[in-house]
Amino acid sequence: MSGMDALNDWVDDAAHLTKPDEIVWLSGSDDEYQRLIAGMLDRGEITRLNERAYPNSYLYRSSPSDVARTEGDTYICAPRKEDVGPTNHWMDPTVAKEKVRPLFDGVMRGRTMYVIPYLMGPVGSSLARVGLEVTDSPYVAASMFIMTRVGQPALDHLKTTDDGFYPGLHSIANLDPKNRYILHFPEENLVWSINSGYGGNALLGKKCLSLRLASWAGRREGWLAEHMLILGLEDPSGNVTYMTGAFPSACGKTNLAMLVSPLAEQGWRVWTIGDDIAWMRIGEDGRLWAVNPEAGFFGVAPGTNEGTNPNAMAALSRNSLFTNVALTPDGLPWWEDINPDQKTPPPGTLDWQGRPWTRGNGEKPNVAAHPNSRFTAPARQCPSISERWNDPQGVPISAFIFGGRRARMAPLVYQAFNWQHGVFVGASMASEQTAAAEGKVGKVRRDPMAMLPFCGYNMGDYWAHWLDMGKKLTNPPAVFHVNWFRKGADGKFLWPGFGQNVRVLMWMYDRIHGRGKAQETAIGYTPTEDALHLDGLDISAETLRELLRVDNADWAKECAEMEPFFAQFGDHLPAAIAEELAGLRERVGAGAPVA
Ligand code: OXD
Ligand code: MN
510 MSGMDALNDW
520 VDDAAHLTKP
530 DEIVWLSGSD
540 DEYQRLIAGM
550 LDRGEITRLN
560 ERAYPNSYLY
570 RSSPSDVART
580 EGDTYICAPR
590 KEDVGPTNHW
600 MDPTVAKEKV
610 RPLFDGVMRG
620 RTMYVIPYLM
630 GPVGSSLARV
640 GLEVTDSPYV
650 AASMFIMTRV
660 GQPALDHLKT
670 TDDGFYPGLH
680 SIANLDPKNR
690 YILHFPEENL
700 VWSINSGYGG
710 NALLGKKCLS
720 LRLASWAGRR
730 EGWLAEHMLI
740 LGLEDPSGNV
750 TYMTGAFPSA
760 CGKTNLAMLV
770 SPLAEQGWRV
780 WTIGDDIAWM
790 RIGEDGRLWA
800 VNPEAGFFGV
810 APGTNEGTNP
820 NAMAALSRNS
830 LFTNVALTPD
840 GLPWWEDINP
850 DQKTPPPGTL
860 DWQGRPWTRG
870 NGEKPNVAAH
880 PNSRFTAPAR
890 QCPSISERWN
900 DPQGVPISAF
910 IFGGRRARMA
920 PLVYQAFNWQ
930 HGVFVGASMA
940 SEQTAAAEGK
950 VGKVRRDPMA
960 MLPFCGYNMG
970 DYWAHWLDMG
980 KKLTNPPAVF
990 HVNWFRKGAD
1000 GKFLWPGFGQ
1010 NVRVLMWMYD
1020 RIHGRGKAQE
1030 TAIGYTPTED
1040 ALHLDGLDIS
1050 AETLRELLRV
1060 DNADWAKECA
1070 EMEPFFAQFG
1080 DHLPAAIAEE
1090 LAGLRERVGA
1100 GAPVA
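In this note's numbering, the protein residues as written are 510 to 1104.
Following this line, the structure appears as structure tokens:
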């Protein structure tokens, strides 16, 4: 059967199950997008923003019980529990289908089913994958137009590939949080998602296909699907060094990917290839080559402003969708820190639920926009978008940057000793939790490679796959760890962050190119105090020392916390990771683990 016949059959089966009144195939045209928008405007499901300030842009308010990814409802339905490991929820595929099929039965009665073939990855790339989402949410359909390459590029790709397509069945049903399921069937490249219309739960090309299913496929086929930004650092001679970075959700990935360099006049600039996901294959040159599978940004709005991320502000200034932000009386989107001089919204602003905003409105904290409110903006509109972001070959990666949000612990930057140690550095990453997923904000959680919620199989096997990939890479990326969030005794951030982070990227660049002074510490190489390019930055020697300090006693405690985390993987934990943990223990003087 041809790919197209299989796709038609799949859609017929989905329609047979969900029984929509109408089926609309989307081919990716502007007219279709405008029809989706017009329908939502007519039904009062979205609000047009001030057309002069934000042309062709709209506000959508989600159900208050549907405002973030819900990891507790997210399952990997692989044959054996062991396949998904201790950090994923598991359901037997047959049991899952029996349980959830009745919820889909007739769920689209009285509704339209949108059929969205889409391509993840640049047109013509060997890494690109065809997705197919059917959904009864026009908001999801419109968002897919921004986040993916809808229609013809996907159908064309389908003709040239043996991989087939990755189908996804989505319904908002009645948005019942108690019957919410985001089910992945990795052996069928299939997703079923019901009762959520939000972000990663509903835009199935993003976390579901491009991370959970793709990581499974990547292991099978020898490539990597990672929760990573991709950036290019241009040096004064015009050469660009490409790096990827893995940070947990809402830890500044988008800001780093779009960094505006304060050293642009000296020739140091950052180009954006992607802000959330990287797919990487081994090139003939023994290097890793990365593409961004997405076509847009689904960024966290609060905190984004002309100072922190002017490129994102430009990208979202037109043809964008906003979700759960506040709305000013002038029809402008508003969120906390959109303008750091304006701590509260203008009078007459409606909060993210459409209620008049008042001080002390019962929200904790007293916010107008939801802390996980988002902008959905086309990548092509970003002023820093790289001319190579659509390159089917991808870009060659020289560095991996891991990072998290740690008030203490991790220094500003350090480099792993080698690939194996680098895999351990990624595997032992931890971060203070943010609002991007449900859970207690601020609590430290271990989030290996920022993939904890996104790795589609057993994390122990995932590290083994990384270690294997390293054996095949004759020219592996250098591995670094950064922490922009270290605080001093006064509770204030020690490092200015944002654009100034380019100085840290420059040290990495120096290291990659065989320069860059470093000292060996128990956790890796840190820059010597004179190694960072700090000209023009007002930072005291004492602050710098504090930023770069490695406290072995702190790390000894950290080792004790890593121990049970790694232990839960049992036989699936690669010996190399256990070896690295033992090495770290020894170097920081933590002694032998407690049995
Ligand atoms: C995202 C996330 O939306 O990581 O990118 O939660
Ligand atoms: Mn993400």
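Where is the CB? At the ideal position from N, CA and C, for every residue including glycine.
Notebook entry, point to check: What distance in whole Å lies between the Cβ atoms of R995 and A1065, which are believed to be in contact at a cut-off of 8 Å?
Noted result: Position 556 of the sequence shown holds residue 1065. Position 486 of the sequence shown holds residue 995. The pair is not a contact, with the Cβ atoms about 18 Å apart (cut-off 8 Å).
Margin query: Would G1025 and W1016 qualify as a contact pair, given that the criterion is a beta-carbon distance under 7 Å?
Written below: By one-based count along the sequence shown, residue 1025 stands at place 516. By one-based count along the sequence shown, residue 1016 stands at place 507. Yes, they are a contact pair.
Next item on the list: Flag this pair as yes or no: are the beta carbons of T813 and A821 separated by less than 7 Å?
Entry: Taking the sequence shown and counting its residues from 1, the one referred to as residue 813 is at position 304. Taking the sequence shown and counting its residues from 1, the one referred to as residue 821 is at position 312. Yes; because the gap between Cβ atoms is below 7 Å, this pair is in contact.
Note to self: Please report the straight-line C-alpha distance between N875 and L636, rounded to a whole angstrom.
What the structure shows: Start at 1 with the first residue of the sequence shown, and residue 875 comes out as number 366. Start at 1 with the first residue of the sequence shown, and residue 636 comes out as number 127. Their Cα atoms are separated by approximately 44 Å.
Checklist line | CB-CB length for I782 against L713, believed under 8 Å | finding: For the purposes of this step, residue 782 is taken as the residue at position 273 of the sequence shown. For the purposes of this step, residue 713 is taken as the residue at position 204 of the sequence shown. Their Cβ separation, rounded to whole angstroms, is 22 Å, which puts I782 and L713 out of contact at 8 Å.
Notebook entry, point to check: Near C891, what residues of its chain come up, given a Cβ to Cβ distance below 8 Å and the 5 sequence neighbours on each side ignored?
Noted result: In the sequence shown, residue 891 corresponds to position 382, counting from 1. Here the set comprises M767, T781, F806, N820, A821, A823 and A824.
Note to self: Quick check for students: name the residue ranges of the alpha helix (DSSP H) that lie wholly in the segment 943 to 1008, counting only runs of 4 or more.
What the structure shows: 968 to 981
Item checked: Separation of E1072 from A1104, as counted between CA atoms -> Counting from 1 along the sequence shown, the entry for residue 1104 is found at position 595. Counting from 1 along the sequence shown, the entry for residue 1072 is found at position 563. Because the pLDDT of A1104 is 48, which lies under 50, any placement of that residue in the model is unreliable, and the number read from its coordinates should be weighed accordingly. Cα to Cα, A1104 sits roughly 10 Å from E1072.
Note to self: Could you pull the DSSP bridge partners for Y563 from this structure?
What the structure shows: Taking the first residue of the sequence shown as 1, we reach residue 563 at position 54. None, per the DSSP bridge assignment.
Check: Got a sec: does the ligand OXD put a non-hydrogen atom nearer than 6 Å to the Cβ of G758?
Finding: Numbered from 1 along the sequence shown, position 249 holds the residue referred to as residue 758. Checking the displayed sequence, the identity of residue 758 turns out to be Ser instead of Gly. Yes; taking the cut-off as 6 Å, the Cβ of S758 has a heavy atom of the ligand OXD nearer than that.
Margin query: Which residue marks the beginning of the beta strand (DSSP E) containing M737, and which one marks its end?
Written below: The residue you call residue 737 lines up with position 228 of the sequence shown. Segment M737 to E743, the beta strand (DSSP E) holding M737.
Check: Between L628 and V639, which are expected to be in contact by the criterion C-beta below 8 Å, what is the C-beta distance as a whole number of angstroms?
Finding: To locate residue 628, count along the sequence shown from 1; it is residue 119. To locate residue 639, count along the sequence shown from 1; it is residue 130. About 6 Å; that satisfies the 8 Å criterion.
Check: Can you name the start and end residues of the alpha helix (DSSP H) that A821 belongs to?
Finding: To locate residue 821, count along the sequence shown from 1; it is residue 312. From DSSP, the alpha helix (DSSP H) with A821 extends over P819 to A824.
Margin query: If contacts are defined as beta-carbon pairs under 8 Å, then W701 and V609 qualify, I think. What distance do you get, rounded to the angstrom?
Written below: Within the sequence shown, residue 701 is the residue found at index 192, counting from 1. Within the sequence shown, residue 609 is the residue found at index 100, counting from 1. W701 to V609, Cβ: 6 Å. Contact.
Margin query: Let me check understanding here. Comparing Cα to Cα, which of T867, G840 and R954 lies closest to K852?
Written below: The residue labelled residue 852 in the question sits at position 343 within the sequence shown. Of the listed residues, the one whose Cα sits closest to K852 is T867.
Item checked: Rounded separation between V632 and H666 - CA only -> In the sequence shown, the residue the question calls residue 632 occupies position 123. In the sequence shown, the residue the question calls residue 666 occupies position 157. Taking the straight line joining both Cα atoms gives about 8 Å.
Notebook entry, point to check: Taking one C-beta from the segment 969 to 982 and one from the segment 916 to 931 each time, how about it: are there three or more such pairs within less than 8 Å?
Noted result: yes
Margin query: What does the Cβ neighbour count give for S652, buried or exposed, with the cut at 16 atoms within 10 Å?
Written below: Taking the first residue of the sequence shown as 1, we reach residue 652 at position 143. Answer is buried; the Cβ neighbour count reaches 16.
Next item on the list: With a 10 Å radius around its C-beta and 16 neighbouring C-beta atoms as the bar for buried, classify N967 as buried or exposed.
Entry: The count along the sequence shown starts at 1 and reaches residue 967 at position 458. N967 is buried by the Cβ-count criterion.
Notebook entry, point to check: Which whole-angstrom value describes the C-beta separation of V749 and L738, a residue pair presumed to lie in contact below a C-beta threshold of 8 Å?
Noted result: As a position in the sequence shown, residue 749 is number 240, starting the count at 1. As a position in the sequence shown, residue 738 is number 229, starting the count at 1. That pair is no contact at about 15 Å.
Margin query: For P502, list the residues DSSP reports as bridge partners.
Written below: Limits of the chain in this structure are 510 at one end and 1104 at the other, which puts residue 502 out of reach.
Item checked: Backbone CA spacing between L1090 and V991 [nearest angstrom] -> Walking along the sequence shown from the start, residue 1090 turns up at place 581. Walking along the sequence shown from the start, residue 991 turns up at place 482. Cα to Cα, the separation comes out at about 19 Å.
Margin query: Nearer than 6 Å: is that true of the beta carbon of G709 relative to any heavy atom of the ligand OXD?
Written below: Walking along the sequence shown from the start, residue 709 turns up at place 200. Checking the Cβ of G709 against the ligand OXD gives yes.
Check: By Cβ distance below 8 Å, which residues in the same chain neighbour S770 in space, the five residues on each side in sequence not counted?
Finding: Within the sequence shown, residue 770 is the residue found at index 261, counting from 1. Correct list, in chain order: W777, R778, V779, G1008 and V1011.
Notebook entry, point to check: Can you pull the DSSP bridge partners for F807?
Noted result: By one-based count along the sequence shown, residue 807 stands at place 298. Answer is T885, bridged to F807.
Notebook entry, point to check: Excluding five sequence neighbours on each side, which residues of the same chain lie with their C-beta closer than 7 Å to the C-beta of A711?
Noted result: The residue you call residue 711 lines up with position 202 of the sequence shown. Around A711: S646, V649, H679, S702 and S705.
Next item on the list: For the beta strand (DSSP E) holding Y675, just list the boundary residues, first then last.
Entry: In the sequence shown, residue 675 corresponds to position 166, counting from 1. Residues F674 to S680.
Check: Can you name the residues that DSSP bridges to L921?
Finding: By one-based count along the sequence shown, residue 921 stands at place 412. The partner list for L921 (beta bridge, DSSP) is empty, contrary to what the question assumes.
Check: Assuming T753 and A799 make a contact with CB atoms under 8 Å, what is their CB distance in whole Å?
Finding: In the sequence shown, residue 753 corresponds to position 244, counting from 1. In the sequence shown, residue 799 corresponds to position 290, counting from 1. Contact holds; Cβ gap of about 6 Å.
Item checked: Cα-Cα separation between Y567 and L558, rounded to whole angstroms -> As a working note, residue 567 is residue 58 in the sequence shown. As a working note, residue 558 is residue 49 in the sequence shown. Rounded to whole angstroms, Y567 to L558 spans 5 Å at the Cα level.
Margin query: For L692, count the other beta carbons within 10 Å of its own beta carbon; 16 or more makes it buried, fewer makes it exposed. Which is it?
Written below: The count along the sequence shown starts at 1 and reaches residue 692 at position 183. It is buried - the Cβ of L692 has at least 16 other Cβ atoms within 10 Å.
Item checked: Cut-off 6 Å between Cβ atoms - residues of its own chain near A682, not counting five sequence neighbours on either side -> Your numbering for residue 682 matches position 173 in the sequence shown. Counting only Cβ-Cβ distances below 6 Å, and skipping sequence neighbours, we find V616, I703 and N704.
Next item on the list: Just confirm the distance between the C-beta atoms of Y690 and D582, as a whole number of angstroms; I'd bet it's less than 8 Å.
Entry: Here residue 690 refers to the residue found at position 181 of the sequence shown. Here residue 582 refers to the residue found at position 73 of the sequence shown. The pair is a contact, with the Cβ atoms about 6 Å apart (cut-off 8 Å).
Item checked: Bridge partners - H693, DSSP secondary structure assignment -> Here residue 693 corresponds to residue number 184 of the sequence shown, with the count starting at 1. Paired residue(s): I585 and V700.
Checklist line | 8 Å Cβ shell around P865 - same chain, five flanking residues per side excluded | finding: As a working mapping, residue 865 is identified with position 356 in the sequence shown. These residues qualify, in order along the chain: G857, T858 and L859.
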